[in-house]
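A.B. asks: Got a structure for you, written out below as structure tokens; questions coming shortly.
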Amino acid sequence: MSSALEVVRGALRRVDGRAGLALLGLVVAAATLAPILAAPPDVQELSARLQGPSLAHPMGT
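In structure tokens:
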């Protein structure tokens, strides 16, 4: 059985392994930073619900 370090080294040798590890790193970073980056749920502006596109919200709300 290989150690975890050998598996990571083997993955870093291949392009698809590097891409996979980069994607895994992005997922871990997003999960770690989610509580900081997410908007608080109690600060919703319900009057602006289902509005069309505008400068503040280019894709609508």
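In terms of the numbering used here, the sequence shown is residues 450 to 510.
Built from N, CA and C at the ideal position, the CB exists for glycine as well.
#1: What's the C-alpha gap between residue 497 and residue 510?
#2: Apart from the five residues just before and just after residue 466, which ones in its own chain have a Cβ nearer than 8 angstroms to its Cβ?
#3: Looking at the structure shown, is residue 510 part of a helix, part of a strand, or coil, going by DSSP?
C.D. replies: According to the data block:
#1: Sequence index remark: in the sequence shown, residue 497 carries index 48 (1-based). Sequence index remark: in the sequence shown, residue 510 carries index 61 (1-based). Whole-angstrom Cα-Cα distance: 7 angstroms.
#2: For the purposes of this step, residue 466 is identified with residue 17 of the sequence shown, where counting begins at 1. Result list for residue 466: 459 and 460, in chain order.
#3: Along the sequence shown, one-based indexing puts residue 510 at 61. DSSP, read as helix, strand or coil, puts residue 510 in coil.
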